[in-house]
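Notes follow once the structure below has been shown.
Protein chains: 2
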Amino acid sequence: MQMLDSPFARKLTSFATLSHTDLNILSDLHQRRRKFAMGRDMVRQGHPNRTVYVLADGWAFSYVLLPSGARQIVDFRIPGDFLGLRSILFRRSDQNVEPITPIEASEVLASDLIDAFSKTPALAKAVLWAASRDESMVADHLVGLGRRNAAERIAHFLLELGARLRLVGLASNAGYACPLTQYHLADALGLSDVHVNRVLRQLREMGLVTFQNGRVTFDDFAALVTFADFEGDYLDHNGPARQ
Amino acid sequence: MQMLDSPFARKLTSFATLSHTDLNILSDLHQRRRKFAMGRDMVRQGHPNRTVYVLADGWAFSYVLLPSGARQIVDFRIPGDFLGLRSILFRRSDQNVEPITPIEASEVLASDLIDAFSKTPALAKAVLWAASRDESMVADHLVGLGRRNAAERIAHFLLELGARLRLVGLASNAGYACPLTQYHLADALGLSDVHVNRVLRQLREMGLVTFQNGRVTFDDFAALVTFADFEGDYLDHNGPARQ
DNA sequence: CGTCGGGTTGATAACTTTCAAATTTCGTGG
DNA sequence: CCACGAAATTTGAAAGTTATCAACCCGACG
Chain A
134 MQMLDSPFAR KLTSFATLSH TDLNILSDLH QRRRKFAMGR DMVRQGHPNR
184 TVYVLADGWA FSYVLLPSGA RQIVDFRIPG DFLGLRSILF RRSDQNVEPI
234 TPIEASEVLA SDLIDAFSKT PALAKAVLWA ASRDESMVAD HLVGLGRRNA
284 AERIAHFLLE LGARLRLVGL ASNAGYACPL TQYHLADALG LSDVHVNRVL
334 RQLREMGLVT FQNGRVTFDD FAALVTFADF EGDYLDHNGP ARQ
Chain B
134 MQMLDSPFAR KLTSFATLSH TDLNILSDLH QRRRKFAMGR DMVRQGHPNR
184 TVYVLADGWA FSYVLLPSGA RQIVDFRIPG DFLGLRSILF RRSDQNVEPI
234 TPIEASEVLA SDLIDAFSKT PALAKAVLWA ASRDESMVAD HLVGLGRRNA
284 AERIAHFLLE LGARLRLVGL ASNAGYACPL TQYHLADALG LSDVHVNRVL
334 RQLREMGLVT FQNGRVTFDD FAALVTFADF EGDYLDHNGP ARQ
């Protein structure tokens, strides 16, 4: 039952009470294991998308390309996350997904997933909950773009990412390994690469966080939380109600 | 069967093939019809939320309040939309919902909705599709905030709103009635009220759109679409796949 | 009337981008 | 193991966009 050790199962079970049966159905869903090379899109805007992936290892991000050539990253996906879940009901994807690192992912047929929804309510809820949490994260991201300045935005983002990674055991209060470049930050946070660089230096010189050499280090976690106005509680989002 | 005439049913049926049975289950879901006065929150951040509403008449918006006092509007809800759908699986809402106009809405118990999911797959898909579309809209909103300047942002927003309203028969290419104030635009688009006012004047003087007296008028629809770089096709999002 | 919620305008300040160029890091082939 | 080129990071200066502050206007309403 290697399933139980996967980041995916770990995440789901930490929020829902899943029976043995549920877990079996879950594990039956997983079909081929696929690898993707970094930098090459896994999902393309406007293309049909009939499969969902569960990220087992590696990071990816979903983004939109504007006609102007600008790129907006909508969110980053880390181990345990779904890829393309939102678009299973659309005939074509409305976003692109690109790996940041080499990726290992399990492929799930969209139709199988939908079928499972009526077979096991508990699993359905857990998966729906994951989808809702994703939307919630996008909304949070939106709030940051709308109402925070560059420094708060970056600080908040790094904290949020840390909180997500901690859920799957990939971060601590000290920091985490992070394969993102400053360009990724810029495109996610709606800033120019140059400005991201400057603000990052600022945060480092203030002794709050260091973003360097593929690693995020929280130099003063408490102060950073205050500075960014961060309430990490959305991650406790309480999971699907367990009646 | 007044259901069939509601904006809600109109929207769902325009995307999914629903049988008579489906429509009956749908209509059984609707319980009390409730009214809400404008300006008073219907759903409060951090409060328990065990019901979902379907907006029958009036406009509302969901927003987040930052500790700094700033307000970020996440999205506007118009007739036919769900209110609080995303949060049915969380124990408490992570956003506030406030009516802009007097509201009439049908109350649906979250648990009933979830039960219906296993009863009728077609309906479940349709509802899920609606939820996915909502998330898609939030993502689009996010892209606008991240990568468009004030004028494009406003132009794009007014077009998008128009497209949504057209789906429920409340707008045409000429324009639509719009109860929003400039403050609403500012808080939705991450701009200051003053700047919104200026840009609105600009757009009006360019002969593109007029936002005045509770009405949005497309003075030159084609030119506005070009200016805003708008592709109205996300609304065709093709609905739930109909196998 | 007087007030209050929108809306409007000008002047100034703050924040961010853009352009340009130098420096460092890192993977790959020799 | 080193050299080389590409990618990523860094810094400065100038230009642009948007926010903030401060008035003022206007129509609705008690």
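Residue numbers (the working numbering), protein chains in the order written: chain A, 134 to 376; chain B, 134 to 376.
Glycine included, every Cβ here is placed at the ideal spot set by N, Cα and C.
Other residues of its chain near residue i: CB distance less than 6 Å, five sequence neighbours each side excluded
i: L318(B); result: V329
i: H287(A); result: Position check: residue 287(A) holds Ile in this sequence, whereas His was assumed. If we look at I287(A) and ignore the five residues flanking it on each side, its Cβ neighbours are V332.
i: R177(B); result: N229
i: A374(B); result: Reliability fails at A374(B), whose pLDDT of 42 lies under 50, so the model's placement of it is uncertain and the value that follows must be treated cautiously. Nothing listed; no residue qualifies.
i: D174(B); result: N229 and E231
i: L278(A); result: G323
i: F209(A); result: F194
Contacting residues, own chain, Cβ-Cβ under 7 Å from residue i (five flanking each side not counted)
i: R224(B); result: P181
i: G308(B); result: R348, V349, T350 and F351
i: A283(A); result: L324, H328 and V332
i: R165(B); result: E240
i: D214(A); result: L188
i: Y367(B); result: Caution applies to Y367(B), whose pLDDT of 49 falls short of 50 and renders its modelled position unreliable; the model cannot decide the point.
i: N306(A); result: F351 and F354
i: L256(B); result: L151, D155, I158, L159 and A249
i: K144(A); result: G213, L300 and V301
i: A304(B); result: G295 and L298
i: L357(A); result: A288, L292, L341, V342 and F351
i: S139(A); result: A189
Classification of residue i by the beta-carbon crowding that lies within 10 angstroms, buried from 16 upward
i: Q135(A); result: In this prediction, Q135(A) has a pLDDT of 47, which is less than 50 and means its spatial position is unreliable; what the coordinates show is noted afterwards. Exposed.
i: S244(B); result: exposed
i: A193(B); result: buried
i: R204(B); result: buried
i: A316(A); result: Residue identity check: residue 316(A) is Tyr in the sequence provided, not Ala. With fewer than 16 Cβ atoms within 10 Å of its Cβ, Y316(A) is classed as exposed.
i: P200(B); result: exposed
i: P235(A); result: exposed
i: D320(A); result: buried
i: H289(B); result: buried
i: G202(B); result: exposed
i: R183(A); result: exposed
i: A293(B); result: The residue asked about is misnamed: residue 293(B) is Glu in this sequence, not Ala. Buried: at least 16 other Cβ atoms inside 10 Å.
i: G179(A); result: exposed
i: D227(A); result: buried
i: T359(A); result: exposed
i: F363(A); result: buried
Start-to-end residues for the alpha helix (DSSP H) that takes in residue i
i: R397(A); result: As displayed, chain A neither begins before 134 nor continues past 376, which places residue 397(A) out of reach and without an answer.
i: F354(B); result: F354 to A361
i: V327(B); result: D326 to E338
i: L322(A); result: Q315 to L322
i: T154(B); result: H153 to L162
Interface residues of chain A facing residue i [CB-CB closer than 8 Å]
i: V207(B); result: A272, L275 and V276
Proximal chain B residues relative to residue i, where beta-carbon distance stays under 9 Å
i: E231(A); result: Result: empty, since nearest Cβ-Cβ is about 16 Å, beyond 9 Å.
Contact set between residue i and chain A, taken where Cβ atoms lie within less than 9 Å
i: S152(B); result: Simply none; closest approach about 16 Å.
i: S139(B); result: By Cβ distance, chain A contributes nothing, its closest Cβ being about 22 Å from S139(B), past 9 Å.
Residues that residue i contacts on chain A, provided the C-beta gap is smaller than 7 Å
i: V197(B); result: V276
i: L268(B); result: The question names Leu, yet the displayed sequence has Glu at residue 268(B). In chain order: R219, E268 and V271.
i: A203(B); result: R280
Residues near residue i in its chain [Cβ-Cβ closer than 8 Å; skip 5 each side]
i: I247(B); result: I221
i: Q335(A); result: A284
i: Q376(B); result: Confidence is the limiting factor: at Q376(B) the pLDDT is only 37, short of 50, which leaves the residue's position unreliable, though a coordinate-based value still follows. Within the same chain, Q376(B) has no close Cβ partners at all.
i: P312(B); result: W192, I233, T234 and G347
i: Y186(B); result: R167, M175, F215, L216, G217, A238, S239, E240 and V241
Boundaries of the beta strand (DSSP E) in which residue i is found, first to last residue
i: L242(A); result: I236 to L242
i: I206(B); result: R204 to R210
i: G172(B); result: From DSSP, G172(B) is part of no beta strand (DSSP E); its letter is neither H nor E.
i: V185(A); result: T184 to D190
i: Q178(A); result: Careful: Q178(A) lies outside any beta strand (DSSP E) and carries neither H nor E.
i: P232(B); result: N229 to P232
i: G308(A); result: G308 to A310
i: F194(B); result: A193 to L198
i: F74(B); result: The structure shown has nothing for residue 74(B), since chain B only spans 134 to 376.
i: F351(B); result: R348 to F351
Under 8 Å from the C-beta of residue i: neighbouring residues of chain B
i: G347(A); result: Result: empty, since nearest Cβ-Cβ is about 24 Å, beyond 8 Å.
i: P200(A); result: D362
i: G323(A); result: L278, G279 and R280
**OP:** Residues of the region 247–262 of chain A with a CB closer than 8 Å to any CB of chain B: list them in chain order, please.
**Re:** Hits within the stretch, in order: I247, F250, S251, P254, A257, K258, L261 and W262.
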